[in-house]
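A short worksheet on the structure shown next.
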Amino acid sequence: MGGLFITFEGVEGSGKTTQHRLLAEALQRAGRAVIVTREPGGTAAGEAIRKILLTPHDPDLSSRAELLLYLAARAQHVTEILRPALDRGAIVLCDRFTDATLAYQGSGRGLPLPELERLCAWAADGLTPHRTFLLDLDPAVGLQRAQTRNSHLVSGEIRFELETLPFHQRVRAGYLDLAHREPGRIRVLDAAWPVEKLQAVIWEDVQEILEGSRE
Ligand SMILES: Nc1ncnc2c1ncn2[C@@H]1O[C@H](COP(=O)(O)OP(=O)(O)O)[C@@H](O)[C@H]1O
Ligand SMILES: [Mg+2]
């Protein structure tokens, strides 16, 4: 596989979509072929599943049904988009991936992590990001940002924003545990920094990876 797979992770409102877009623009300016995608989603089936996952239900989805929907969307995404793009040598930027499942469905919902890791590896057909940027933020700040964003964006994708603060705190702690376990892949960034400063750090890191892969 010749490409480069980069993911963005973090709680709601931590700036994933913002940084993902800015990195894509910087790479395009540098003349690189870049694929910009997201989870859940990125394929027609995945986007249909996204709608189920991110809009509220009454009664709510069970944790196991939620997990399987995420994994179904991911399996299709890997097969249809991610692997072919990476095999062509493209740079793929993905807004959320397996770490989100471990943090939200594992640490957040309480599904057992060892089992989740096996299911995730199976669903992703073993695909792991080369670099993951974890935008670490106090979820109270992130939820506030997300609410401001949603007031002018009628997406309806609020199911997780309706979760309690303790849920989001568990998710944040889960992400930090993952980063602790895989410091070589996951770079933790302070998402309270200004957008431009975060972008500069991310851009520098990606340039280093690209220069390293040429040698
Ligand atoms: N570093 C930052 N500092 C302050 N506000 C930010 C920062 N990054 C993003 N935002 C704002 O916060 C909101 C949520 O950002 P977004 O990129 O949509 O987060 P996410 O995709 O992680 O939910 C947006 O209105 C965005 O403009
Ligand atoms: Mg986003």
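Position in the sequence shown counted from 1, then plus 730, gives you the numbering used here. Glycine included, every Cβ here is placed at the ideal spot set by N, Cα and C. The structure presented is a predicted model; accordingly, all values stated were derived computationally and were not measured.
To the nearest angstrom, report how far apart Ile736 and Leu843 are at their CA atoms. The sequence position of residue 736 within the sequence shown is 6, counting from 1. The sequence position of residue 843 within the sequence shown is 113, counting from 1. Going by the C-alpha atoms only, they are around 23 angstroms apart.
- Message: Classify Val925: buried if its beta carbon has 16 or more other beta carbons within 10 angstroms, exposed otherwise.
- Response: Along the sequence shown, one-based indexing puts residue 925 at 195. Exposed, since its Cβ has fewer than 16 Cβ neighbours within 10 Å.
Could you check whether Arg875 and Gly743 sit closer than 8 angstroms to each other, using their CB atoms as the reference points? Taking the first residue of the sequence shown as position 1, residue 743 is located at position 13. Taking the first residue of the sequence shown as position 1, residue 875 is located at position 145. Cβ atoms of Gly743 and Arg875: closer than 8 angstroms.
| Rounded to a whole number of angstroms, what is the C-alpha to C-alpha distance between Gly942 and Leu895? | Taking the first residue of the sequence shown as 1, we reach residue 942 at position 212. Taking the first residue of the sequence shown as 1, we reach residue 895 at position 165. Their backbone Cα atoms lie some 40 angstroms apart in a straight line.
For this session: Buried or exposed for Leu892, please, with buried defined as at least 16 other CB atoms from any protein chain shown within 10 angstroms of its CB.
Result: The residue labelled residue 892 in the question sits at position 162 within the sequence shown. Leu892 should be labelled exposed.
Cβ contact (3+ pairs, closer than 8 angstroms) linking the region 900 to 912 and the region 817 to 834:
yes
Three Cβ pairs or more, each shorter than 8 angstroms: is that satisfied between the region 845 to 853 and the region 759 to 772? no
Counted within 10 angstroms of its Cβ, other Cβ atoms place Ile939 as buried (16 or more) or exposed: Position 209 of the sequence shown, counted from the first residue, corresponds to residue 939. Ile939 is exposed by the Cβ-count criterion.
Open item on the list: Using a Cβ-based criterion (distance less than 7 angstroms to any ligand heavy atom), does Lys746 qualify as near ligand 1?
Closed with: The count along the sequence shown starts at 1 and reaches residue 746 at position 16. At least one heavy atom of ligand 1 is nearer than 7 angstroms to the Cβ of Lys746, so yes.
Problem - DSSP-derived helix/strand/coil call for Thr737 - result: Reading the sequence shown from its first residue, position 7 is the one you call residue 737. Strand at Thr737.
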